[in-house]
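With the first letter of the sequence shown counted as 1, position 538 gets the number 540 in the working numbering; the numbers rise by one all the way through.
Backbone N, C-alpha and C define an ideal beta-carbon position, used for all residues, glycine too.
Heads up: the structure comes next, in structure tokens.
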Amino acid sequence: HKQLSFCCHGCVTVFDILNDNDLSYYYDLDRAPGISPKKYQEKFDFLDNPDIVEKLLDFNDGGTQVVTLLIPSIHCSSCIWVLENLSKLNPGVVSSLVNFPEKKVQITFQNEQLSLKDLAVSLARIGYAPSISLEDYNKARKKVDRSLLYKIGITGFAFGNVMFLSFPEYFEVNEFWLERFKWVFRWLMFGFSVPVVFYSGRDYFISAYRGLLSRALTIDMPIAIGIATLFIRSTIDITFDLGSGFFDSLTGLVFFLLLGKFFQQKTYSYLSFERDYKSYFPIAVTRLKYDHDGTVFSEEQVQVYDIKKGDHLLIRSEEIIPTDGVLRSEEALIDYSFVTGEAIAKKRCSGDKIYAGGRQKAGAIEIQVSRPIAHSYLTKLWSNDVFQSGNRSYFQSFTDTISKHFTLVILSLAISTMVVWLFLDPSKAFNVFTAVLIVACPCALALATPFTMGNILRILGGDKLYLKDSQVIERMGHVDAIVFDKTGTLTANLSSTISYHGLELSEEEQRLLSSTLRASNHPLSRTLYELLGEHDIRTLDNFKEHVGKGIVGVSREKTIKLGSSNFVGSIPGAANTKMEKSSHGTTVHISSNEQYKGFYQFKNKYRTGLSGLFNELGKTYDLSILSGDNDGERAFLEQLLPETTNYRFNQSPEQKLSYIKQLQQNGKKVMMVGDGLNDAGALAQSDVGIAVSENINVFSPASDGIMDAGVLSKLGQHLKLAQRGITIVQWSFGLSLLYNLVGLGFAVTGKLEPVIAAILMPLSSISIVLFTTLMSQWAGRKMLRKIN
Numbered sequence: 003h004k005q006l007s008f009c010c011h012g013c014v015t016v017f018d019i020l021n022d023n024d025l026s027y028y029y030d031l032d033r034a035p036g037i038s039p040k041k042y043q044e045k046f047d048f049l050d051n052p053d054i055v056e057k058l059l060d061f062n063d064g065g066t067q068v069v070t071l072l073i074p075s076i077h078c079s080s081c082i083w084v085l086e087n088l089s090k091l092n093p094g095v096v097s098s099l100v101n102f103p104e105k106k107v108q109i110t111f112q113n114e115q116l117s118l119k120d121l122a123v124s125l126a127r128i129g130y131a132p133s134i135s136l137e138d139y140n141k142a143r144k145k146v147d148r149s150l151l152y153k154i155g156i157t158g159f160a161f162g163n164v165m166f167l168s169f170p171e172y173f174e175v176n177e178f179w180l181e182r183f184k185w186v187f188r189w190l191m192f193g194f195s196v197p198v199v200f201y202s203g204r205d206y207f208i209s210a211y212r213g214l215l216s217r218a219l220t221i222d223m224p225i226a227i228g229i230a231t232l233f234i235r236s237t238i239d240i241t242f243d244l245g246s247g248f249f250d251s252l253t254g255l256v257f258f259l260l261l262g263k264f265f266q267q268k269t270y271s272y273l274s275f276e277r278d279y280k281s282y283f284p285i286a287v288t289r290l291k292y293d294h295d296g297t298v299f300s301e302e303q304v305q306v307y308d309i310k311k312g313d314h315l316l317i318r319s320e321e322i323i324p325t326d327g328v329l330r331s332e333e334a335l336i337d338y339s340f341v342t343g344e345a346i347a348k349k350r351c352s353g354d355k356i357y358a359g360g361r362q363k364a365g366a367i368e369i370q371v372s373r374p375i376a377h378s379y380l381t382k383l384w385s386n387d388v389f390q391s392g393n394r395s396y397f398q399s400f401t402d403t404i405s406k407h408f409t410l411v412i413l414s415l416a417i418s419t420m421v422v423w424l425f426l427d428p429s430k431a432f433n434v435f436t437a438v439l440i441v442a443c444p445c446a447l448a449l450a451t452p453f454t455m456g457n458i459l460r461i462l463g464g465d466k467l468y469l470k471d472s473q474v475i476e477r478m479g480h481v482d483a484i485v486f487d488k489t490g491t492l493t494a495n496l497s498s499t500i501s502y503h504g505l506e507l508s509e510e511e512q513r514l515l516s517s518t519l520r521a522s523n524h525p526l527s528r529t530l531y532e533l534l535g536e537h538d539i540r541t542l543d544n545f546k547e548h549v550g551k552g553i554v555g556v557s558r559e560k561t562i563k564l565g566s567s568n569f570v571g572s573i574p575g576a577a578n579t580k581m582e583k584s585s586h587g588t589t590v591h592i593s594s595n596e597q598y599k600g601f602y603q604f605k606n607k608y609r610t611g612l613s614g615l616f617n618e619l620g621k622t623y624d625l626s627i628l629s630g631d632n633d634g635e636r637a638f639l640e641q642l643l644p645e646t647t648n649y650r651f652n653q654s655p656e657q658k659l660s661y662i663k664q665l666q667q668n669g670k671k672v673m674m675v676g677d678g679l680n681d682a683g684a685l686a687q688s689d690v691g692i693a694v695s696e697n698i699n700v701f702s703p704a705s706d707g708i709m710d711a712g713v714l715s716k717l718g719q720h721l722k723l724a725q726r727g728i729t730i731v732q733w734s735f736g737l738s739l740l741y742n743l744v745g746l747g748f749a750v751t752g753k754l755e756p757v758i759a760a761i762l763m764p765l766s767s768i769s770i771v772l773f774t775t776l777m778s779q780w781a782g783r784k785m786l787r788k789i790n
């Protein structure tokens, strides 16, 4: 064996599996590959159901099957290497391919040798347990839309050829053969332009038409007018031998517009911004069947949608409860932080009501279903109108705001100049009218926003703030109120501060304490175990967990108790007096051989840099704190945040959503920053919803953006960059207007020639792209310098 240190028996098992299959090179690739495997027995029993398996498979021809699985623990080169060598671990695997950004692996396997359940269990045994949720069961097969790429390819090909065919016309070459076949070149240019107009550019006509139906003049209206005018004017010119037309300007215009659209769509598609409860619920659950005498005679795995009122379900430790019900077991310990944000697990007794979204923390329990999944409390939260498409109130974009006036001004100018030329020289009136519409086409205007905001999207993404699209940046620039969730957003999920108050524990007691904590699945036990540091583990002679009270560990006639003060049996004394004077916080009391020793006090650890962040934000924004937790740390928060901050504790998901609505009704543009499913309603209702996550690929409720938890302190600079982005767009609009004024000078005087349009229109587009890109890049670097 290699010289390796193992933290648990599971790690040794993983090493043995890999070593036996000549895959021990896995440990040479990274210092900390994989994760320690957890219990996986019975976890994938639902994969015995053929209906569920069929829904999960990407491909199934009866012999060969293909499945794509989410593996949250993928994090390094070792992970990729071992997952792409699964065929060496199991001959039933034909091939496997890892998609590292999405943390997914596509596996092709022979179902005669290997079932999907066996595959999932094999992955779990080596520390790569797949995450299979209700969302995977209901997923629709995604179709990749490549139509925009096809349009760009066709238009780029046409643009290059039309420019090539136009060169003789530009330089007025009078060579015999060029003059003789001039009409051939012109009709070839016409032929290249037809698919550009009627295929590549059709979306602009459709959008303009829909805008007219809804009585809204968007930026697509003048663009559609410009494309149509270029095509009609150019066709008339070559038909009546009036000139070569503007086919080069037409194809170039559409090409640059499509490039801008492509850049705008290029965002962080591997992140899911629209998750709901289906992303976190299991596909199936264990249903119990009873004999007439009331004894269980069978267990079966059923789809959650097949659960009916009155069914009895078996919920094992650490499983999420999929629907509302009544507890039939004697006791349960339910962690509702998934729904409420409250970090402390709640004790429930037989007959108590259990809500969907809770996670059982101590042993298996039985519940009787009171409502099917479609009518559960959590599902009702997600049925709120705020999650339905079309109900979100967006800011009207700056581009659309000015496009209405721009369209009316250009049409008025074109008609006015045509009327003037009807009196001066009627033969030029039509040419002047079309020339005004051509040069005034706001192509540069349309490019300013996607290239500016697209570049800022990239800059923010590099700083671990991943936004859904460029419209989010514009809305960020208008925000004037920010609402923060507390638990998991301002506090670190994976870190707490613990202080001990009481009598010093002996080395023997510390070893027994560590061993007892290790045997418990209670969240406070796990947190304390991890934060205690070094562990000298000994085998326990006896261990018992009293649900909702505490735990007892016995070794070598030594007994240690941890839990509530009543369970431990605290006695009056200095330690207990000190406890009474202690500030609010969660406490775990300890006794050794029935002698009270003291207690550990848990306090949330807040993320670094929050003081500077709130000092910065407090100067510009109205701040609020919403929390599903109690107000035990209000005093600390009041020292951290500005005096004008509004605090609301013990807030349900509906109350959070209602508070956001109230702010909006008061005229505020609200940003909500939260982390949990319980924040999803507020995130969706707010003008900008940012989900803070420890792992961006594994968790993201419905949101406009996902922020890595480590960069929360940079939010103020991110908001300033969004505001600068709007300013850059406004400057580029001014630059675009200058180009339009120059072009209009040629147009209204009847001197617009194809060569002038061919120079002026691409020049304006290219210069706008360069200006917006360089300015946004400069603004991004300035932001990063301030952060660093």
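Per-residue burial, residue i [other beta carbons within 10 Å of its own, 16 or more giving buried]
| i | result |
| --- | --- |
| ASP427 | exposed |
| ASP53 | exposed |
| ALA286 | buried |
| ALA637 | exposed |
| ARG477 | buried |
| ARG726 | buried |
| PRO452 | buried |
| THR419 | buried |
| ASP337 | buried |
| GLU171 | buried |
Limits of the unbroken alpha helix (DSSP H) element including residue i
| i | result |
| --- | --- |
| VAL744 | 717-750 |
| THR325 | Premise fails: THR325 is in no alpha helix (DSSP H) and is neither H nor E. |
| PHE61 | Here PHE61 belongs to no alpha helix (DSSP H); instead the beta strand (DSSP E) covers 59-62. |
| GLN473 | 472-478 |
Residue i versus residue j: straight-line alpha-carbon distance, rounded
| i | j | result |
| --- | --- | --- |
| SER517 | LYS348 | 24 Å |
| GLU547 | LYS311 | 31 Å |
| LYS583 | ARG350 | Legend: pLDDT at LYS583 = 36, less than 50; position of this residue unreliable, no value from coordinates given. |
| ILE76 | LYS106 | 8 Å |
| GLN112 | TRP83 | 21 Å |
| VAL700 | THR775 | Note that VAL700 scores 47 on pLDDT, short of 50, meaning its location in the model is unreliable; the coordinates nonetheless yield the value given after this. Those two C-alpha atoms are separated by around 32 Å. |
| ALA437 | GLY752 | 8 Å |
| ASN652 | LEU642 | 20 Å |
| ALA693 | LEU717 | 12 Å |
| ILE627 | LYS605 | 18 Å |
| ARG204 | PHE194 | 15 Å |
| PHE166 | PHE249 | 11 Å |
| LEU315 | ALA724 | 50 Å |
| ILE156 | LEU659 | 47 Å |
| LEU125 | GLY490 | 30 Å |
| GLU321 | ALA366 | 9 Å |
| ARG361 | ILE770 | 54 Å |
| ASN648 | TYR623 | 12 Å |
| GLU596 | LEU290 | 41 Å |
| ILE221 | ALA448 | 7 Å |
Residue-level contact to chain B via CB, residue i, 8 Å cutoff
| i | result |
| --- | --- |
| LEU72 | The question asks about chain B, but that chain is absent: this structure has only one protein chain. |
Residue i: first and last residue of the uninterrupted beta strand (DSSP E) it sits in
| i | result |
| --- | --- |
| GLU510 | Taken as a continuous stretch (DSSP letters only), GLU510 belongs to no beta strand (DSSP E), being part of the alpha helix (DSSP H) at 509-520. |
| PHE435 | Note, PHE435: premise wrong, no beta strand (DSSP E); alpha helix (DSSP H) at 428-441. |
| ALA347 | Premise fails: ALA347 is in no beta strand (DSSP E) and is neither H nor E. |
**Prompt:** On the three-pair Cβ rule with 8 Å, is the stretch 676-693 touching the stretch 479-486?
**Reply:** yes
- Task: Evaluate the contact criterion for the stretch 665-678 versus the stretch 472-483: three or more CB pairs, one atom per stretch, below 8 Å.
- Result: yes
Next item on the list: Tell me the start and end of each unbroken alpha helix (DSSP H) in the stretch 632-686 that is at least 4 residues and wholly inside, in chain order.
Entry: 636-642, 655-667
What runs of the alpha helix (DSSP H), each 4 residues or longer, lie entirely inside the stretch 182-258?
184-197, 204-215, 222-241
Counting pairs of Cβ atoms below 8 Å between the stretch 148-162 and the stretch 253-261, do you hit three or more?
yes
- Query: Below 8 Å, can you find three or more Cβ-Cβ pairs linking the stretch 326-335 to the stretch 351-359?
  - Reply: yes
### Message
Quick check: the stretch 498-510 against the stretch 591-602, are at least 3 beta-carbon pairs closer than 8 Å?
### Response
yes
For the stretch 115-123 against the stretch 85-96, are there 3 or more C-beta pairs whose distance is under 8 Å? yes
Would you check if the stretch 221-240 and the stretch 181-192 touch, i.e. whether three or more CB-CB distances between them fall below 8 Å? yes
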